[in-house]
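The sequence shown lines up with residues -18 to -1, 1 to 328 when you count with mature numbering (1 follows the signal peptide of the UniProt record, and there is no 0).
Ideal Cβ placement from N, Cα and C applies to all residues, glycine included.
Predicted model, so just to flag it, every value in this text is computed and none were measured.
Working notes, beginning with the structure itself.
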Amino acid sequence: MLVHLIVFLLAFLPNLRCISNNILRLNIPRIPKLDPNTVCKTYPDLSEKQYDLCRTYPDVTASAIQGVQIAIHECQFQLTEYRWNCSSLERKNKNPHSSPLLSKGFKETSFAYAISAAGVTHQVSKACSMGKLKSCGCDMSVYGNDKNFEWGGCSHNIEFGSRYARRFMDSKEVAKDIHSQINLHNNRAGRLAVIRHVKKLCKCHGMSGSCELKTCWKAAPDFRAVGAILKRKYEAATQVQVDISNSANAKLIKRNGRRPKHLELLFYEKSPNFCDPNPVVDSPGTTGRLCNKTTTGIDNCETLCCGRGYNTLRVKRRERCDCKFYWCCYVMCKTCTYDEWVTVCK
Ligand SMILES: *[C@@H]1O[C@H](CO)[C@@H](O)[C@H](O)[C@H]1NC(C)=O
Ligand SMILES: *[C@@H]1O[C@H](CO)[C@@H](O)[C@H](O)[C@H]1NC(C)=O
């Protein structure tokens, strides 16, 4: 099927230039065999528990890994105006979770965890209902008649997706320290961003679309919407500490002494300014970033360039755009070319 898709694209859109890369480094263009040797051994830095899980469910894990990639991609879209824009998590043949930033406790760290957990939930749920995975199918618990429609069709298996996301992501957090507790919390917030925004899709039947009969099913929200929800949570992220007055059962508390809500993103370390390159926090710095000299937003040149100033250049800029993630394991992007005046941070 994938081969057909590519052939289709190339045949009908001759001007479309595609860059494709494969996430798992499997050989394209045949549909890859998703067995433990192709999936678990090619993806770097799986923890021991993740590796075991992968050996048992290689196809679900491939889908989970694809979910993480989609999440990192979305993270870059959502944070495009920020000094730290998530691009450092997307390196070829690297597991984004091995980034030094993910062992920190910044707001940015919390966003990366939450959106990754959301990506896994989303992607596995969808893959189940597409009939791609051995261990799951459509969510069959959704059936029966409602007021003026009937539940039917294939509901996305959010239950299975979120359970797998939990096993796959949370299994890394074995320590009982604040870092692990916060990661677990943010992972859950990410899963909830998908679960709580499940939507109902319907199809009409009956004479010429009269919609006398309607069949509906549950579907995961668009991942773009999930990204936007989590971005708002990121902007409102809350600093927490461990409540030491209650040492028997250490809990995370906010500065006002309250317990955080499930959907809040939590951090415990003040972020650096991300102005300069610093490998310790996975910051590439902002030199060379496009800034906007007229906006009052966060991407204005003064803020984004950290007061270093900017250059105005005429450039032919090529950028990947309209990326699509195909089952399993490919990203295909168009290349968009812009010829324009830009302001770029010194
Ligand atoms: C993110 O930042 C990196 C380097 O700091 C830059 O190369 C990249 O183009 C930026 N991405 C977006 C989407 O702005
Ligand atoms: C800069 O920001 C202004 C105001 O938000 C916006 O109208 C304009 O399109 C932006 N320019 C670029 C190049 O992004």
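Interface flag, residue i vs chain D, CB-CB below 9 Å
i	result
Thr268	In the structure shown, chain D cannot be found, because there is only a single protein chain.
beta-carbon residue i near ligand 1 non-hydrogen atom, thresh 8 Å
i	result
Gln58	yes
residue 332	The question about residue 332 has no answer here: the residues shown for the chain are numbered -18 through 328.
Arg145	no
Gly267	yes
Thr62	yes
Arg237	no
Gly270	yes
DSSP three-state assignment for residue i, whether helix, strand or coil
i	result
Arg173	helix
Pro78	helix
Ala99	helix
residue 349	Lying outside -18 to 328, the shown extent of the chain, residue 349 is not represented and no answer is given.
Cys327	strand
Thr269	coil
Lys116	coil
Leu83	helix
Ile10	Confidence at Ile10 is low in this model, with a pLDDT of 49, below 50, so its placement is unreliable and no value can be given for it.
Val180	coil
Asp304	strand
Glu72	coil
Asp159	coil
Glu194	coil
Tyr292	strand
Asp225	coil
Arg65	coil
Beta-carbon proximity of residue i to residue j, cut-off 9 Å
i	j	result
Asp121	Ile97	no
Ala109	Ser29	no
Glu56	Phe205	yes
Ala100	Ala147	yes
Gly267	Cys257	yes
Arg149	Leu61	no
Cys318	Tyr292	no
Val156	Ser137	no
Trp199	Gly119	no
Leu295	Val324	yes
His187	Leu234	no
Trp309	Met189	no
Proximity test, residue i beta-carbon vs ligand 2 heavy atom, cut-off 8 Å
i	result
Asn274	yes
Thr319	no
Thr220	no
Gly209	no
Thr278	yes
Val324	yes
Proximity test, residue i beta-carbon vs ligand 3 heavy atom, cut-off 8 Å
i	result
Ser69	Only ligand 1 and ligand 2 can be found as ligands here, which leaves ligand 3 out of the picture.
Check your understanding: Counting pairs of Cβ atoms below 8 Å between the stretch 231 to 247 and the stretch 262 to 276, do you hit three or more?
Key -> no
Practice item. Please confirm if the stretch 84 to 98 is in contact with the stretch 148 to 162, defined as three or more CB-CB distances below 8 Å between the two stretches. Key: Three or more beta-carbon pairs separated by less than 8 Å link the stretch 84 to 98 to the stretch 148 to 162, which places the two stretches in contact.
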